[in-house]
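This report concerns only the one structure given below.
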Amino acid sequence: MDEHNRPIHTFQVCHVMEPNQNNWLRSNWIFRQAAQKVYVELRFTLRDCNSIPWVSGTCKETFNLFYYETDESHGVKFKPSQYTKIDTIAADESFTQMDLGDRILKLNTEVREVGPISRKGLYLAFQDIGACIALVSVRVYYKKCPFTLRNLASFPDTVPRVDSSSLVEVRGACVEHAEERDTPKLYCGADGDWLVPLGKCVCSVGYEEMDGACFACRPGFYKAFTGNIKCSKCPPHSFSYGEGAAVCHCEKAFYRAERDPPTMACTRPPSPPRNVVFNLNDTCLQLEWSPPSDMGGRRDLTYNVLCKRCGPEPDQCQLCGEELRFVPRPQGLTNTTVTVMDFSAHANYTFEIESLNGVSKMINYPRPVAAITVSTDQGGEYTYTLTSDPLNPEPNSIALSWLEPEQISLLVVDYEVKYYEKEHEELSYSSTRTKAPSVIITGLKPSTCYVFSLRTRTSAGHSAYSPKYEYETTDDSEYLIPPSLYQRQNPVSPLFFSALPYPGVKTYVDPDTYEDPTQAVHEFAKEIDPTRIRIERVIGAGEFGEVCSGRLRTLGKREIAVAIKTLKGGYVERQRRDFLREASIMGQFDDPNIIRLEGVVTRSRPVMIVVEYMENGSLDSFLRKHDGHFTVIQLVGMLRGIASGVRYLSDMGYVHRDLAARNILVNSNLVCKVSDFGLSRVLEDDPEAAYTTTGGKIPIRWTAPEAISYRKFSSASDAWSYGIVMWEVMSYGERPYWEMSNQDVILSIEEGYRLPAPMGCPVVLHQLMLHCWQKERSQRPKFTDVVSFLDKLIRNPSSLLAESPGEVVDYHMFISIGDWLDSIKMSQYKSSFVAAGFSTLDSVAQMSIEDVRRIGVVLIGHQRRIVSSIQTLRLQLLHENGFHV
1 MDEHNRPIHT
11 FQVCHVMEPN
21 QNNWLRSNWI
31 FRQAAQKVYV
41 ELRFTLRDCN
51 SIPWVSGTCK
61 ETFNLFYYET
71 DESHGVKFKP
81 SQYTKIDTIA
91 ADESFTQMDL
101 GDRILKLNTE
111 VREVGPISRK
121 GLYLAFQDIG
131 ACIALVSVRV
141 YYKKCPFTLR
151 NLASFPDTVP
161 RVDSSSLVEV
171 RGACVEHAEE
181 RDTPKLYCGA
191 DGDWLVPLGK
201 CVCSVGYEEM
211 DGACFACRPG
221 FYKAFTGNIK
231 CSKCPPHSFS
241 YGEGAAVCHC
251 EKAFYRAERD
261 PPTMACTRPP
271 SPPRNVVFNL
281 NDTCLQLEWS
291 PPSDMGGRRD
301 LTYNVLCKRC
311 GPEPDQCQLC
321 GEELRFVPRP
331 QGLTNTTVTV
341 MDFSAHANYT
351 FEIESLNGVS
361 KMINYPRPVA
371 AITVSTDQGG
381 EYTYTLTSDP
391 LNPEPNSIAL
401 SWLEPEQISL
411 LVVDYEVKYY
421 EKEHEELSYS
431 STRTKAPSVI
441 ITGLKPSTCY
451 VFSLRTRTSA
461 GHSAYSPKYE
471 YETTDDSEYL
481 IPPSLYQRQN
491 PVSPLFFSAL
501 PYPGVKTYVD
511 PDTYEDPTQA
521 VHEFAKEIDP
531 TRIRIERVIG
541 AGEFGEVCSG
551 RLRTLGKREI
561 AVAIKTLKGG
571 YVERQRRDFL
581 REASIMGQFD
591 DPNIIRLEGV
601 VTRSRPVMIV
611 VEYMENGSLD
621 SFLRKHDGHF
631 TVIQLVGMLR
641 GIASGVRYLS
651 DMGYVHRDLA
661 ARNILVNSNL
671 VCKVSDFGLS
681 RVLEDDPEAA
691 YTTTGGKIPI
701 RWTAPEAISY
711 RKFSSASDAW
721 SYGIVMWEVM
731 SYGERPYWEM
741 SNQDVILSIE
751 EGYRLPAPMG
761 CPVVLHQLML
771 HCWQKERSQR
781 PKFTDVVSFL
791 DKLIRNPSSL
801 LAESPGEVVD
811 YHMFISIGDW
821 LDSIKMSQYK
831 SSFVAAGFST
841 LDSVAQMSIE
851 DVRRIGVVLI
861 GHQRRIVSSI
871 QTLRLQLLHE
881 NGFHV
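Note that UniProt numbering gives residue 634 to position 634 of the sequence shown, counting from 1, and the numbers run on in steps of one.
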């Protein structure tokens with residue numbers, strides 16, 4: 001019986017009573033197969049000689065194991081002399097007579113190595129010399145490293161070497177649809193274990209790795225490069241119908257340029273330019289236009305200008321000759337203006353302006369153009385009388401107004417006011433534009449005489465400038481109007497003085513200041529006839545009810561796409577007031593980067609707020625959906641739009657309090673607009689003052705520390721939130737602070753932790769984030785500076801490639817001397833600069849090399865670095881103040 005009390009067959013011998021025993025048992029011929037060394041496992045029982053009565057010294061407790069190699073498998077006679085001894089086998093466990101009575105079988109297991117073996121097979125033989133033994137089983141085996149898949153490579157069964165100290169190097173074969181990245185290797189060890197994996201295979205183009213194999217990309221997905229990355233969803237306006245696509249094909253009327261990577265969305269040619277106008281004088285003709293409304297999804301926009309000279313009849317046109325000169329050139333323009341020179345007097349010219357991008361040449365049909373006809377014998381001089389407002393004297397500003405002369409028959413596009421200090425005699429001048437017949441000129445010096453003149457821009461171009469008028473700013477409210485002005489004024493267009501607020505200067509009014517909230521709604525929002533609204537489908541749910549998309553019929557009978565927020569039935573008056581409060585806020589804003597309010601429905605059920613429709617929804621989900629699809633410049637363009645919108649809010653004295661990517665909406669042209677004004681509040685007149693709220697939930701991950709701790713909200717706390725939005729954009733919608741709890745976020749920020757740069761984020765953008773996250777709110781950048789900074793990055797994309805912040809220093813972003821020194825890695829001299837009285841960037845810009853030495857900078861290398869940075873700072877400040885060096 002075995003240890004489980006099951007009957008088994010055994011080979012037994014127990015001739016212990018007789019001396020000189022020599023009993024043999026031989027196995028069948030055993031085929032070696034691939035083995036170089038075999039292992040013999042013996043399972044046996046052996047009786048203790050002391051437990052056998054009347055046994056003399058003839059009893060043994062061991063037996064011998066032999067082997068014989070041969071290529072012959074049959075007919076081999078047994079000759080003990082041919083066998084080689086492997087070992088003498090002794091038992092660890094022996095049994096007694098008592099064990100037999102209890103039917104307890106104590107099995108021994110012994111393993112011995114045999115080898116190296118070179119013949120085709122072998123025999124095993126067992127010799128008994130007088131033991132009481134039962135051989136239960138014999139297992140003969142060899143070890144191998146089994147077939148395996150590792151790093152997308154297959155490795156065959158491999159037999160180890162006889163020498164246990166050396167490994168067998170095995171080269172793997174790439175699985176189907178994979179290719180070598182580095183030669184895949186494994187090493188087979190003596191015990192049959194695979195060791196030391198090296199190299200790997202990667203899935204080929206059009207295939208992705210799953211569970212150790214390469215599978216074809218599904219329809220609608222593609223993979224353009226070898227590697228163990230996943231298949232990506234086809235970029236916008238492209239598709240793949242079959243499996244294993246390496247590239248997605250463009251939809252009809254969409255294209256990829258020759259150098260466009262397969263990861264880029266398919267794009268189309270742009271629409272023609274808009275709003276073409278001209279300005280004509282005796283020597284040159286200047287054409288200006290606005291960019292196309294549809295950029296085709298690309299940024300590589302250029303313009304071509306084609307000139308035709310026409311006769312009296314429409315069909316009498318021919319291409320202009322070489323006599324016309326275009327500055328800078330007629331084709332490949334990147335700016336929206338061109339100057340035409342050497343034209344003929346008393347001639348009609350038609351200019352066709354074409355927008356092009358990287359895929360324009362891929363269409364064969366004629367491309368649309370914007371055209372304008374210019375007659376070089378038309379002029380236009382209009383007489384204006386500029387008047388200043390004596391009711392609003394200010395030391396740093398002058399308010400001007402004028403009346404249009406009666407002879408103007410064309411629609412006025414805008415007015416341009418040119419001004420300069422009289423003593424500078426027009427060596428350097430400034431100008432401002434306005435659509436209203438009045439303007440306030442700010443930023444002037446007190447007690448200084450300025451010269452002003454005005455011209456009008458109509459669809460036919462600019463008029464000549466009006467006569468010059470002189471006005472002087474004052475410190476003591478005295479206001480100077482030269483007597484000659486009254487002699488020159490036009491009696492048909494008398495002087496008038498505007499008592500209205502200055503145009504363009506607007507301040508936010510908190511709806512909560514109204515006794516009747518309905519009055520605020522009707523003052524700031526337009527009431528819409530509900531019959532003009534067509535609701536098409538539900539697109540979401542808001543705090544107060546459903547959010548739908550639909551169409552709004554305008555007064556011009558044209559329909560536009562809108563989003564409609566509805567107030568669900570059964571509301572109480574407080575809910576209605578809170579619902580309409582957002583409309584009262586939105587209705588005060590008019591900016592291309594703020595969601596536009598179309599109007600409200602308050603006089604019928606359901607109550608509705610109607611806003612412009614943003615096709616791509618919220619920014620966070622849009623980025624997650626298009627992870628990795630945009631260039632850094634495109635992302636910076638989105639950030640610039642958001643910053644511009646918040647700058648507008650800040651200029652109105654308005655704090656948003658909930659800036660986050662989820663509250664930014666994106667339209668079909670990737671324009672980002674700030675929305676969701678439910679948490680916003682107004683600032684006091686003091687720009688440093690902050691609104692203190694008395695409750696409500698705060699979005700911890702987006703909120704500045706002082707707003708969390710003390711409920712102090714300001715434009716500076718919006719700047720902190722904007723830094724988080726930047727991080728969301730550059731990480732394609734990743735959750736700020738990941739899975740940290742709100743309490744951990746608060747503690748980490750308090751201890752100085754700040755979010756690291758997202759993968760692929762340029763250093764300069766992360767530096768801007770860190771400035772937004774300054775603990776001291778006074779040190780955070782103003783939104784005007786942020787917009788200016790991002791504009792510079794867009795105009796100079798190479799700065800985004802800089803590897804350290806010192807390479808792209810924008811001094812408006814560094815408020816303190818310490819920040820500037822940190823940026824050039826000279827922070828050890830902070831105390832030296834402050835102690836010497838250099839506490840502002842302006843004072844530093846005046847330093848000489850002697851000043852630098854005098855404050856204690858003795859190392860030549862440090863002196864050179866600081867002086868070089870001072871020179872850069874000096875040029876930067878000159879440029880920012882209007883001086884071109």
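All C-beta atoms in this analysis are idealised placements derived from N, C-alpha and C, irrespective of residue type, glycine included.
Quick caveat: nothing in here was measured; it's all calculated off a predicted structure.
Under 9 Å between C-beta atoms of L552 and R534: yes
Residue range of the unbroken beta strand (DSSP E) whose run includes Q12: F11 to V13
Using three-state DSSP, classify H249 as helix, strand or coil. strand
Run of the alpha helix (DSSP H) containing I594, from where it starts to where it stops: Here I594 belongs to no alpha helix (DSSP H), and DSSP marks it neither H nor E.
9 Å Cβ cutoff met for Y39 and Y141: yes
Separation of T507 from M652, as counted between CA atoms: 5 Å
P395, DSSP secondary structure in three states: coil
Residue from E734, M726, H237 and E850 with nearest C-alpha to W773: M726
My output table needs one value for K830: the three-state DSSP class, helix, strand or coil. helix
Inter-stretch contact at 8 Å, needing at least 3 Cβ pairs: the segment 618-632 / the segment 731-748: yes
May I ask which residues mark the beginning and end of the alpha helix (DSSP H) holding V745? N742 to E750
Closest residue to I594 among G192, N396, C59 and C672 (Cα-Cα distance): C672
Which word fits V196, buried or exposed, when buried means at least 16 other C-beta atoms lie within 10 angstroms of its C-beta? exposed
Output needed for T339: all residues of its chain with C-beta closer than 6 Å, excluding positions within five of it in sequence on either side, in chain order. C284, Q286 and V327
H766 and P781 - do their beta-carbons sit closer together than 9 Å? no
From K557, V538 and R558, pick the residue whose C-alpha is nearest to that of G550; which is it? V538
Rounded to the nearest angstrom, how far is the Cβ of A90 from that of T10, given a contact under 8 Å? Not a contact, Cβ separation roughly 18 Å.
So, under 8 Å CB-CB, I664 and I633 are touching, yes? Tell me the CB distance rounded to an integer number of Å. So it is not a contact: roughly 18 Å between Cβ atoms.
Can you check which of these residues, V138, I117 and G115, is closest to N108 by C-alpha distance? V138
Own chain, CB closer than 8 Å to C59, minus 5 neighbours either side, in chain order: V16, C49, I52, G130, A131 and C132
Suppose only complete runs of 3+ residues qualify. What are the beta strand (DSSP E) ranges in the segment 553-632, listed by chain order? 559-566, 597-601 and 608-612
Put Q767 into one of helix, strand or coil per three-state DSSP. helix
Assuming N5 and V13 make a contact with CB atoms under 8 Å, what is their CB distance in whole Å? In fact, because the Cβ distance is near 24 Å, the residues do not count as touching under 8 Å.
Identify, in the order they occur along the chain, each residue of the same chain with its Cβ nearer than 6 Å to the Cβ of G296, setting aside the five sequence neighbours on each side. T267, R268, P269, P270 and N357
Segments of 3+ residues assigned as beta strand (DSSP E) that fall wholly inside the segment 418-448: 430-434 and 438-441
Counting beta carbon pairs with one atom in the segment 865-875 and one in the segment 827-846, are three or more of them shorter than 8 Å? yes
First and last residue of the uninterrupted beta strand (DSSP E) at A153: A153 to F155
Once you ignore the five residues that flank T88 on each side, which residues in its own chain have a CB closer than 7 Å to its CB? T62 and N64
Where does E817 fall in DSSP's three states? The sequence shown places Ile at residue 817, not Glu. Note: I817 maps to helix in three-state DSSP.
Environment of S166 [buried if 16+ CB atoms lie within 10 Å]: exposed
Contact check, T226 vs C248, beta carbons under 9 Å: no
Beta-carbon separation (whole angstroms), S94 vs L46, contact threshold 8 Å: 5 Å
Closer than 7 Å by C-beta to E179: which residues in its own chain qualify, once you throw out the five before and the five after it? Chain order, please. C201, V202, S204 and T226
Pick out whichever of I560, V509 and T784 has its Cα sitting closest to the Cα of R640. T784
Could you check the C-alpha separation between H424 and T442 for me, to the nearest Å? 18 Å
Per DSSP, cross-strand counterpart(s) of Y39: E113 and Y141
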